[in-house]
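Please read the structure below before turning to the comments.
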Amino acid sequence: MKIFNCLLVYRRFLLIVLTPLLLLPLPLIIKTKEAECAYTLIVVAIFWLTEALPLGVSALLPAFMFPLFGIMQSKEVASAYFKDFHLLLIGVICLATSIEKWNFHKRVALRMVMLVGVNPAWLTLGFMVSCAFLSMWLSNTSAAAMVMPIVEAVAQQIIKAETEADALEMSCSNGSINPALDLDENIEECESSDWKEKEKQVNGYDNGVASTVCTIEKENEKEKEENLPPVETVRKNRKDKYSGVFKVMCLCVAYSATIGGLTTITGTSTNLIFAEQFNTRYPDCQCISFGSWFILSIPITVTILVTSWIWLQWIFLGFDFKNMFKRGKKKTAREKASEQMIREEYEKLGPMSYPEIVTFVLFILMTLLWFTRDPGFIPGWSSLFPKYKGYATDSTSALVIGLLFFIIPAKTLSRTSNGENSCFWLHSTDYLEGISVMHALGNSYSCWWRVCTGRRL
Numbered sequence: 001m002k003i004f005n006c007l008l009v010y011r012r013f014l015l016i017v018l019t020p021l022l023l024l025p026l027p028l029i030i031k032t033k034e035a036e037c038a039y040t041l042i043v044v045a046i047f048w049l050t051e052a053l054p055l056g057v058s059a060l061l062p063a064f065m066f067p068l069f070g071i072m073q074s075k076e077v078a079s080a081y082f083k084d085f086h087l088l089l090i091g092v093i094c095l096a097t098s099i100e101k102w103n104f105h106k107r108v109a110l111r112m113v114m115l116v117g118v119n120p121a122w123l124t125l126g127f128m129v130s131c132a133f134l135s136m137w138l139s140n141t142s143a144a145a146m147v148m149p150i151v152e153a154v155a156q157q158i159i160k161a162e163t164e165a166d167a168l169e170m171s172c173s174n175g176s177i178n179p180a181l182d183l184d185e186n187i188e189e190c191e192s193s194d195w196k197e198k199e200k201q202v203n204g205y206d207n208g209v210a211s212t213v214c215t216i217e218k219e220n221e222k223e224k225e226e227n228l229p230p231v232e233t234v235r236k237n238r239k240d241k242y243s244g245v246f247k248v249m250c251l252c253v254a255y256s257a258t259i260g261g262l263t264t265i266t267g268t269s270t271n272l273i274f275a276e277q278f279n280t281r282y283p284d285c286q287c288i289s290f291g292s293w294f295i296l297s298i299p300i301t302v303t304i305l306v307t308s309w310i311w312l313q314w315i316f317l318g319f320d321f322k323n324m325f326k327r328g329k330k331k332t333a334r335e336k337a338s339e340q341m342i343r344e345e346y347e348k349l350g351p352m353s354y355p356e357i358v359t360f361v362l363f364i365l366m367t368l369l370w371f372t373r374d375p376g377f378i379p380g381w382s383s384l385f386p387k388y389k390g391y392a393t394d395s396t397s398a399l400v401i402g403l404l405f406f407i408i409p410a411k412t413l414s415r416t417s418n419g420e421n422s423c424f425w426l427h428s429t430d431y432l433e434g435i436s437v438m439h440a441l442g443n444s445y446s447c448w449w450r451v452c453t454g455r456r457l
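Numbering-wise, full-length UniProt numbering puts 71 at position 71 of the sequence shown, and it's gapless, one number per residue.
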C-alpha cells in the first residue's frame with residue numbers, strides 16, 4: 001500500500017522520465033526520420049493526455065527534439081510557432097477581455113433572455129442564442145463560463161419560489177384545505193350556489209327522494225376528495241419537472257457554446273488551425289476570410305442550434321406547442337420568479353457605461369472591417385491598396401482594433417483623479433499571459449504538418 005501511495009505521489013515525475021526511455025527503442029531500432037518524428041509525436045501526445053507537463057510546455061518539445069533528430073532546422077521550427085492567425089487571436093483576445101471586464105456579456109445575455117420571455121422553452125432558447133452569440137467572438141469555454149452564473153441565478157430564484165409555494169400548500173393543508181384542489185374561483189362560487197339551491201329544495205320537500213339525492217351527492221364529493229393526489233405526490237411531480245428544466249438549461253449552455261464557435265473563424269481554435277493548414281497547403285487560394293466563413297457557417301449554425309433546442313425540449317420537457325404559443329396564458333410562480341430575477345439583474349447593471357459603449361463600438365467596427373475587407377460581390381477596403389494585394393488579412397483589422405484597447409482610456413477625464421487615464425490594457429494583462437500557451441499548442445501541430453507533408457509520411 002505504501003508503494004502504491006508513493007507511485008501515486010510521484011506519478012508525474014515517473015511519466016516524464018519513463019515515457020521517453022520506454023519509447024526510445026522506436027528511433028534506435030527503426031533508424032529513419034519517420035520513426036524519429038513518430039517518437040516525438042507519441043511522447044508529446046502522452047504528456048498532453050496525462051498532463052505530466054503543462055500543455056504549453058509539452059507543445060514546445062518539438063522545438064528542440066526536431067533539430068536534435070535532424071528532422072527540421074531550428075529556424076524552420078521557430079517560424080512555425082508564430083503564424084498569422086496568432087496575430088488574429090491577439091486582437092480577438094483584447095476584445096474578449098474588454099467584454100468580460102466591463103460585464104458587456106452579461107448585459108447581452110440578460111437582454112436576449114428578456115426578449116424571449118420566461119416560458120421554459122423560450123427561456124432555454126434565449127440562453128442558447130445568447131451563449132452562441134458570445135461564443136462567436138469568445139472561446140467556447142469562456143462563453144459557457146460567462147452564461148452559466150446567470151442560469152444558476154435563475155435556477156436559485158425558481159427553487160426559492162417553489163419553496164414558498166410548498167410552504168403555502170402546507171399551511172393550507174393544516175387549515176383542512178386540500179392544496180391539490182386547483183379550482184377556479186368562479187367554479188367554486190358556482191358549485192356553492194348550486195349546493196345551496198339543492199339544500200333549499202330538500203328542505204322544502206320533506207320526502208325521502210330529496211334526502212337520498214342530497215346524501216348521494218355528498219358521498220360523491222367525499223370520494224372525489226379522497227381520490228385527489230396528496231401534497232407530497234404533487235410536490236414530487238413538480239420537483240421532477242423542474243429538475244428537468246434545470247438539466248436542459250445547463251445542457252443548452254454547453255451545446256450552444258460549441259455550436260456558436262462554428263459560426264466565425266475566430267470562434268474556436270480548430271477553425272483557425274484549419275484555415276492555417278489550408279492556406280499552407282494551397283497558398284495561391286486566398287479564399288478563406290471572416291466574411292466567407294460566416295456566410296457558409298451561419299445557416300449550418302442556425303439549423304444545428306434549432307435542432308438541438310427541439311431535441312433537448314423533447315427529451316426533458318416534452319414539446320408542447322399549445323402552451324408555448326398560447327397568448328394570455330397565466331404565468332406560474334416559477335415563471336414570475338424567473339422574470340423578476342432577470343429584470344432585477346438587468347436593472348442592477350444600470351445604463352451603459354462609458355467602457356461598455358467603447359467596447360460595443362470597437363466590436364462593431366472590428367466586425368465591419370472583417371466583413372468588408374473582401375466581401376466578394378463588391379470591392380472591399382483592401383482594394384484601396386492595389387499595389388499590395390493580399391498583404392492585408394483579417395489579422396490586420398484585429399490588430400488595429402486591439403491596439404485601440406491599449407490607447408483609449410477606460411475612464412473619461414472628468415472621472416479620473418489627477419488626470420491619470422486608466423487604459424483598457426491594465427485590466428487585460430492577466431488574460432494576455434495565456435497567448436504564449438496557445439501559440440505553443442497550435443503551432444506544434446503546424447510543425448508536424450510541415451514534417452508530414454514535406455516527407456510524405
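Positions of the beta carbon are idealized from the N, C-alpha and C atoms, including for glycine. Small disclaimer: the values here were computed from a predicted structure and weren't measured.
Could you give the DSSP three-state label for residue i: helix, strand or coil?
i	result
L228	Bear in mind that the predicted position of L228 carries a pLDDT of just 47, short of 50, making it too unreliable to give a figure here.
P283	coil
F371	helix
M5	As written in the sequence, residue 5 is Asn, which differs from the Met given in the question. Three-state DSSP puts N5 in a helix.
T19	helix
N119	coil
E191	Here the model assigns E191 a pLDDT of 43, short of 50, so the residue's position is not dependable, and the following value carries that caveat. Here E191 sits in helix by DSSP.
I273	helix
N186	Residue placement at N186 is flagged as unreliable, the pLDDT there being 43, under the threshold of 50; a coordinate-derived value is accordingly withheld.
A153	helix
K389	coil
residue 458	For residue 458 there is no data in the structure shown, the boundaries of the chain being 1 and 457.
P379	coil
T258	helix
G402	helix
T263	coil
L138	coil
T268	coil
Y346	helix
H105	helix
For residue i, report the span of its alpha helix (DSSP H) as first-last.
i	result
A35	33-50
T303	290-316
A80	74-80
L87	84-101
I29	25-29
G56	55-59
F68	It is worth fixing the name first, because residue 68 is Leu in this sequence and not Phe. Taken as a continuous stretch (DSSP letters only), the alpha helix (DSSP H) holding L68 covers 62-69.
Please say whether residue j and residue i have beta carbons closer to each other than 8 Å?
i	j	result
L26	Y39	yes
F104	F360	yes
S130	A257	no
S289	R343	no
L272	L89	yes
Y255	S308	yes
V154	M366	no
L61	V44	yes
G402	G56	no
V248	T124	yes
K33	I93	no
L14	L24	no
V253	A144	yes
S395	T268	no
L362	F294	no
L312	L251	yes
Can you find a heavy atom of the ligand COA that lies under 7 Å from the Cβ of residue i?
i	result
K247	Questions concerning the ligand COA fall outside what the structure shown contains, since it holds no ligand whatsoever.
Near residue i, which residues of its chain fall below 6 Å by C-beta distance, leaving aside the five closest residues on each side in sequence?
i	result
K83	E276
G126	M112, V113, V116
Y205	Residue confidence for Y205 is low, a pLDDT of 44 falling below 50, so the modelled location carries little weight; the figure read from the coordinates is stated next. The answer is none, since no qualifying residue turns up.
F85	L272, E276
I304	I259
A63	V77
L109	The sequence given here has Ala at residue 109, not Leu. Excluding sequence neighbours, A109 sits near S130, V147, I150.
S297	L262, T263
So, at 7 Å on beta carbons, what are the nonlocal neighbours of residue i in its own chain, with the 5 sequence-adjacent residues on each side left out?
i	result
S74	P67
G244	F316, L317
I42	L23
To which residues of the same chain is residue i closer than 8 Å at the C-beta, ignoring the five residues directly before and after it?
i	result
T301	A132, I259, G260, L262, T263
L369	W381, S397, V400, I401
S353	W102
With a threshold of 8 Å between beta-carbons, can residue i be considered close to chain C, or not?
i	result
V17	In the structure shown, chain C does not exist; there is a single protein chain.
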